[in-house]
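Structure record follows, encoded as C-alpha coordinates.
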Amino acid sequence: MTSPTPVRQQYLKIKQEHPDAILLFRMGDFYETFDEDAYITARELEIALTSREMGKGQRIPLAGIPYHALDGYLARLVKNGYKVAICEQLGDTSGRGLVERQVVRVVTPGTLTE
3 MTSPTPVRQQ
13 YLKIKQEHPD
23 AILLFRMGDF
33 YETFDEDAYI
43 TARELEIALT
53 SREMGKGQRI
63 PLAGIPYHAL
73 DGYLARLVKN
83 GYKVAICEQL
93 GDTSGRGLVE
103 RQVVRVVTPG
113 TLTE
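In the working numbering, the protein residues as written are 3 to 116.
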(Lines of atoms letter the chains of each structure in order from A and count residues from 1; the text may use other names and numbers.)
(Lines give C-alpha, C1' and ligand atoms only; values in the text may rest on other atoms or scores of the structure.)
Protein backbone atom coordinates (compact mmCIF):
# COMPACT_ATOMS: atom_id res chain seq x y z
CA MET A 1 0.00 0.00 0.00
CA THR A 2 1.33 3.45 -0.90
CA SER A 3 1.52 6.34 1.50
CA PRO A 4 -1.36 8.83 1.53
CA THR A 5 -1.13 12.11 -0.34
CA PRO A 6 -0.17 15.26 1.62
CA VAL A 7 -3.78 16.49 1.61
CA ARG A 8 -4.94 13.09 2.94
CA GLN A 9 -2.33 13.28 5.70
CA GLN A 10 -3.53 16.80 6.53
CA TYR A 11 -7.15 15.62 6.64
CA LEU A 12 -6.31 12.67 8.91
CA LYS A 13 -4.41 14.92 11.33
CA ILE A 14 -7.30 17.39 11.56
CA LYS A 15 -9.87 14.59 11.84
CA GLN A 16 -7.86 13.08 14.70
CA GLU A 17 -8.29 16.39 16.55
CA HIS A 18 -12.10 16.21 16.05
CA PRO A 19 -12.95 12.49 16.10
CA ASP A 20 -16.50 12.99 17.39
CA ALA A 21 -17.50 15.48 14.69
CA ILE A 22 -18.32 15.30 11.01
CA LEU A 23 -15.41 17.16 9.44
CA LEU A 24 -16.37 19.47 6.56
CA PHE A 25 -13.00 19.87 4.85
CA ARG A 26 -12.84 22.82 2.43
CA MET A 27 -11.32 21.94 -0.92
CA GLY A 28 -11.80 24.76 -3.41
CA ASP A 29 -15.50 25.47 -3.91
CA PHE A 30 -16.65 22.46 -1.87
CA TYR A 31 -16.72 21.16 1.67
CA GLU A 32 -15.81 17.51 1.39
CA THR A 33 -16.31 14.67 3.84
CA PHE A 34 -14.36 11.43 3.74
CA ASP A 35 -14.48 7.90 5.14
CA GLU A 36 -17.28 7.27 7.66
CA ASP A 37 -18.20 10.97 7.63
CA ALA A 38 -18.91 10.66 3.89
CA TYR A 39 -21.32 7.76 4.44
CA ILE A 40 -23.17 9.69 7.16
CA THR A 41 -23.25 12.93 5.18
CA ALA A 42 -24.50 11.28 2.00
CA ARG A 43 -27.24 9.45 3.90
CA GLU A 44 -28.38 12.37 6.06
CA LEU A 45 -28.28 15.00 3.30
CA GLU A 46 -29.48 12.67 0.53
CA ILE A 47 -26.51 13.52 -1.69
CA ALA A 48 -24.28 11.36 -3.85
CA LEU A 49 -21.58 9.19 -2.30
CA THR A 50 -18.56 8.92 -4.55
CA SER A 51 -14.83 8.43 -4.03
CA ARG A 52 -11.54 10.22 -4.61
CA GLU A 53 -8.06 8.89 -5.18
CA MET A 54 -5.87 9.91 -2.24
CA GLY A 55 -2.74 7.97 -3.06
CA LYS A 56 -1.88 5.50 -5.76
CA GLY A 57 -4.56 2.85 -5.69
CA GLN A 58 -6.30 4.34 -2.65
CA ARG A 59 -9.90 5.38 -3.26
CA ILE A 60 -11.55 7.08 -0.31
CA PRO A 61 -15.34 7.49 0.15
CA LEU A 62 -16.36 11.11 -0.50
CA ALA A 63 -19.49 13.24 -0.19
CA GLY A 64 -19.28 16.97 -0.86
CA ILE A 65 -21.42 20.09 -0.73
CA PRO A 66 -20.87 23.45 -2.48
CA TYR A 67 -19.45 26.07 -0.10
CA HIS A 68 -22.26 28.52 -0.89
CA ALA A 69 -24.86 25.98 0.31
CA LEU A 70 -23.19 25.36 3.68
CA ASP A 71 -25.81 26.95 5.92
CA GLY A 72 -28.71 24.77 4.82
CA TYR A 73 -26.75 21.53 4.87
CA LEU A 74 -25.10 22.39 8.19
CA ALA A 75 -28.48 23.05 9.78
CA ARG A 76 -29.77 19.65 8.60
CA LEU A 77 -26.79 17.77 10.03
CA VAL A 78 -26.96 19.55 13.37
CA LYS A 79 -30.75 19.20 13.56
CA ASN A 80 -30.23 15.45 13.17
CA GLY A 81 -27.94 15.46 16.21
CA TYR A 82 -24.48 15.62 14.65
CA LYS A 83 -21.55 17.70 15.82
CA VAL A 84 -19.89 19.36 12.80
CA ALA A 85 -16.37 20.81 12.52
CA ILE A 86 -15.86 23.31 9.68
CA CYS A 87 -12.32 23.30 8.31
CA GLU A 88 -11.42 26.27 6.09
CA GLN A 89 -8.55 26.96 3.71
CA LEU A 90 -6.32 29.73 5.04
CA GLY A 91 -3.91 32.02 3.25
CA ASP A 92 -3.09 31.90 -0.46
CA THR A 93 -5.01 29.21 -2.30
CA SER A 94 -3.88 30.15 -5.80
CA GLY A 95 -0.46 28.51 -5.71
CA ARG A 96 0.61 24.92 -6.02
CA GLY A 97 1.28 22.75 -3.03
CA LEU A 98 -0.57 22.05 0.17
CA VAL A 99 -2.96 24.75 1.35
CA GLU A 100 -3.03 25.49 5.08
CA ARG A 101 -6.33 24.42 6.66
CA GLN A 102 -7.77 24.83 10.13
CA VAL A 103 -11.03 24.15 11.92
CA VAL A 104 -12.57 27.57 12.44
CA ARG A 105 -15.93 26.57 13.89
CA VAL A 106 -17.52 23.61 15.65
CA VAL A 107 -21.31 23.49 15.65
CA THR A 108 -23.37 21.24 17.90
CA PRO A 109 -27.12 20.88 18.42
CA GLY A 110 -26.69 23.05 21.53
CA THR A 111 -24.96 25.92 19.68
CA LEU A 112 -27.02 26.22 16.51
CA THR A 113 -29.66 28.93 16.54
CA GLU A 114 -32.54 29.14 14.10
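Every residue gets a Cβ at the ideal spot worked out from N, C-alpha and C, and that includes glycine.
From a predicted model like this one, the values you see are computed outputs, not experimental measurements.
Taking the CB atoms as reference points, tell me whether residue i and residue j lie closer together than 7 Å.
i: I67; j: Y13; result: no
i: L26; j: I88; result: yes
i: D22; j: K85; result: yes
i: M100; j: P6; result: One detail in the question is off: residue 100 reads as Leu in this sequence, not Met. No, they are not a contact pair.
i: A44; j: A65; result: yes
i: D36; j: I62; result: Reading the sequence as shown, one finds Phe at residue 36 and not Asp. Cβ atoms of F36 and I62: closer than 7 Å.
i: I24; j: D39; result: yes
i: R28; j: E90; result: yes
i: V109; j: V80; result: yes
Helix, strand or coil: how does DSSP classify residue i here?
i: V101; result: coil
i: Y84; result: coil
i: T95; result: coil
i: T110; result: coil
i: I49; result: coil
Using DSSP's beta-bridge definition, name the partner residues of residue i.
i: T35; result: A65
i: R28; result: Y33
Using beta carbons (cut-off 7 Å, strictly below), is residue i in contact with chain D?
i: E55; result: Any reference to chain D falls outside this structure, which holds one protein chain only.
Ordered along the chain, which non-local residues of its own chain (more than five positions away) have a Cβ less than 8 Å from that of residue i?
i: T4; result: G57, K58, G59, Q60
i: N82; result: E46
i: L92; result: V101, E102, R103, Q104
State whether the region 56–70 contacts the region 95–106, with contact taken as three or more CB pairs (one from each stretch) at a distance under 8 Å.
no
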